[in-house]
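K.L.:
According to my numbering, the sequence shown is numbered sequentially starting from 8. By construction, the Cβ of each residue, glycine as well, lies at the ideal position given by its N, Cα and C atoms. Quick caveat: nothing in here was measured; it's all calculated off a predicted structure.
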Amino acid sequence: MPFADVLSRPGAVVTTIGGLIARSPISMVPIGLIAIGSGPLGSYAVGGAAAGAFSIANAVGATLIGRAADERGHRPILLRTSAVMAAGAVMISAVALLAPDALLLIVASALFGAATPGMGSIIRARWTSVVHTAPLRIRAMALESVNDEANFLIGPPLASLLIVQGLVWGPVAAAALFFVIGTLMVISQRSWEPALHERDAAGMRGEIRANGLLMLSAAAIGSILGASQVLLLAYCAAVGAAAGIALALGLNSGASLVGAILIGSKADWRWSAERRFAVAAIVFGLATIPTALVSGYLPYLIATTIAGFGIAPMFIQQNAVIAERAGGAARSGAFALIGGGVVFGISAGSAAGGVAIDAFGASEARLILIPLSLLMVLPILLGAQRAEKRPTRSAKR
């Protein structure tokens with residue numbers, strides 16, 4: 008079993024399962040908000056605006072929550088955010104059931120998003136406090152990437168099932184409940200609580216300066232993912248394979264999950280995290296290009312599946328960069344900051360993909376993935392080059 012050596016640690020199974028359950032809002036809430044917008048409010052545009060408000064507020068809020076958790080402790084911060092999230096879920100449910108109002112839905116969605124911690128970031132920070140060798144950290148990061156993919160394989164179908172049953176408010180309410188349950192499981196493991204970090208005098212600016220290239224690369228990666236998803240939906244519909252969209256998305260996510268497991272099974276890493284990240288990004292970029300060039304549903308399905316194998320390994324190595332730089336004292340805020348970069352990139356990429364589709368059609372619009380792939384690699388290569396020039400933490404010691 009690839010992850011036996013990390014899961015055998017006391018509290019690891021509870022933390023891992025709790026972290027997976029607590030991720031539910033990210034995969035379930037946007038679908039629920041679109042359903043509320045298109046159902047009780049009768050507007051997909053309102054639903055999309057609410058989902059966008061949730062995602063953008065979450066990108067900012069998760070970073071601030073992560074910093075607060077670093078400075079004040081995970082337990083008190085997660086308990087407080089759980090209360091705010093519950094209030095947001097009640098507001099959204101009330102809009103769906105009692106008072107259909109676009110502005111109220113958008114405001115409540117933003118509140119819910121701002122109060123939703125990046126549980127992947129929180130759990131990764133907890134792992135770095137209990138595993139202290141590079142191979143085990145990589146394995147732990149791979150395990151969390153498996154959880155990321157599993158969340159998006161389980162959450163959307165569950166949300167869709169609730170919606171089909173007529174419970175348009177169900178995905179939001181269920182996600183909030185799952186978050187509370189998962190969070191209680193996570194914080195029950197007191198020995199996993201990372202040491203508190205003193206408030207950085209440089210504040211958020213210092214955090215951004217320290218991780219600037221990683222943030223830029225995260226946004227570039229997100230732009231490819233966002234554009235790819237929009238283009239996948241449009242291209243499948245354009246070639247008369249709208250019914251095959253779910254299969255294409257499922258195979259892409261499933262391939263990413265397999266990639267995470269394969270990375271987790273490797274114990275001996277001879278390269279630095281920055282170099283591994285650069286190689287993983289180049290592989291993903293090259294694997295993405297065929298999705299812009301092939302014609303027909305079956306070749307496109309194969310291309311998107313192959314590209315999927317590169318997603319999780321790239322994120323695993325990116326998170327390993329954060330953990331390796333911190334030498335076991337990685338902060339939730341740093342992980343959340345990178346996650347926020349991905350979210351902003353996805354939003355920008357989705358918008359760019361939509362504009363390209365409207366302007367050139369679904370087939371030709373896929374060509375934007377080629378320059379996006381090239382642009383993604385540049386900051387990552389620059390970061391790897393800089394890393395090679397500076398002494399490692401072990402050398403400094």
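Output yes or no for whether 9 Å exceeds the beta carbon distance between residue 102 and residue 37.
P.N.:
Here residue 102 corresponds to residue number 95 of the sequence shown, with the count starting at 1. Here residue 37 corresponds to residue number 30 of the sequence shown, with the count starting at 1. The answer is no: Cβ separation not under 9 Å.
K.L.:
Residues in the same chain with beta-carbon distance under 6 Å from residue 404, minus the five sequence neighbours each way, listed in chain order, please.
P.N.:
Here residue 404 refers to the residue found at position 397 of the sequence shown. Residue placement at residue 404 is flagged as unreliable, the pLDDT there being 39, under the threshold of 50; the coordinate-derived value follows with that caveat. The answer is none, since no qualifying residue turns up.
K.L.:
For residue 90, count the other beta carbons within 10 Å of its own beta carbon; 16 or more makes it buried, fewer makes it exposed. Which is it?
P.N.:
The count along the sequence shown starts at 1 and reaches residue 90 at position 83. It is exposed - the Cβ of residue 90 has fewer than 16 other Cβ atoms within 10 Å.
K.L.:
Just how far apart, CA to CA, sit residue 104 and residue 119?
P.N.:
Along the sequence shown, one-based indexing puts residue 104 at 97. Along the sequence shown, one-based indexing puts residue 119 at 112. Computed Cα separation, rounded: 17 Å.
K.L.:
Pick helix, strand or coil for residue 176, following the three-state DSSP scheme.
P.N.:
Within the sequence shown, the letter at position 169 stands for residue 176. Here residue 176 sits in coil by DSSP.
K.L.:
Taking the alpha carbon of residue 220 as the point to measure from, which residue in 345, 313, 132 has its own alpha carbon closest?
P.N.:
By 1-based counting over the sequence shown, the position of residue 220 is 213. The option with the nearest alpha carbon to residue 220 is 345.
K.L.:
Our contact map puts residue 34 next to residue 162 with C-beta atoms below 8 Å; I'd like the distance itself, whole angstroms only.
P.N.:
Here the question's residue 34 lines up with position 27 in the sequence shown. Here the question's residue 162 lines up with position 155 in the sequence shown. Right, the Cβ-Cβ distance comes to about 3 Å (below 8 Å), so this counts as a contact.
K.L.:
Tell me the start and end of each unbroken alpha helix (DSSP H) in the region 309-343 that is at least 4 residues and wholly inside, in chain order.
P.N.:
Complete alpha helix (DSSP H) runs here, min 4: 318-333.
K.L.:
State whether the region 114-134 contacts the region 301-314, with contact taken as three or more CB pairs (one from each stretch) at a distance under 8 Å.
P.N.:
No, they do not touch.
K.L.:
In three-state terms, what does DSSP make of residue 451?
P.N.:
Outside the displayed span of the chain (8 to 404) sits residue 451, for which this structure offers no information.
K.L.:
Using the Cα positions of residue 360 and residue 204, report the straight-line distance between them to the nearest angstrom.
P.N.:
By 1-based counting over the sequence shown, the position of residue 360 is 353. By 1-based counting over the sequence shown, the position of residue 204 is 197. When rounded, the distance between both Cα atoms is 40 Å.
K.L.:
Roughly how many angstroms separate the alpha carbons of residue 166 and residue 178, rounded to a whole number?
P.N.:
Taking the sequence shown and counting its residues from 1, the one referred to as residue 166 is at position 159. Taking the sequence shown and counting its residues from 1, the one referred to as residue 178 is at position 171. Approximately 5 Å between the Cα atoms of the pair.
K.L.:
Leaving out the 5 sequence neighbours to the left and right, which residues in its chain are closer than 8 Å to residue 93 when beta-carbon positions are compared?
P.N.:
Position 86 of the sequence shown, counted from the first residue, corresponds to residue 93. Result list for residue 93: 183, 187, in chain order.
K.L.:
Give the straight-line distance between the Cα atoms of residue 312 and residue 191, rounded to the nearest whole angstrom.
P.N.:
Along the sequence shown, one-based indexing puts residue 312 at 305. Along the sequence shown, one-based indexing puts residue 191 at 184. Roughly 36 Å between the two C-alpha positions.
K.L.:
Since I believe residue 299 is in contact with residue 406 (beta carbons under 8 Å), could you give me their beta-carbon distance rounded to a whole number of angstroms?
P.N.:
This structure cannot settle anything about residue 406, because the visible part of the chain is limited to 8 through 404.
K.L.:
Which whole-angstrom value is the C-beta distance of residue 193 and residue 29, which I expect to be below 8 Å?
P.N.:
Counting from 1 along the sequence shown, the entry for residue 193 is found at position 186. Counting from 1 along the sequence shown, the entry for residue 29 is found at position 22. Correct: roughly 6 Å between the Cβ atoms.
K.L.:
Alpha carbon to alpha carbon, how far is residue 176 from residue 79? Give it in angstroms, no decimals.
P.N.:
Within the sequence shown, residue 79 is the residue found at index 72, counting from 1. Within the sequence shown, residue 176 is the residue found at index 169, counting from 1. Cα to Cα, residue 79 sits roughly 33 Å from residue 176.
K.L.:
Let's see if you can read the secondary structure: which residues bound the alpha helix (DSSP H) around residue 46?
P.N.:
Counted from its first residue, the sequence shown places residue 46 at position 39. From DSSP, residue 46 is part of no alpha helix (DSSP H); its letter is neither H nor E.
K.L.:
Looking only at its chain, what residues have a beta carbon closer than 6 Å to the beta carbon of residue 347, apart from the 5 residues adjacent to it on each side?
P.N.:
Here residue 347 refers to the residue found at position 340 of the sequence shown. Counting only Cβ-Cβ distances below 6 Å, and skipping sequence neighbours, we find 66, 70.
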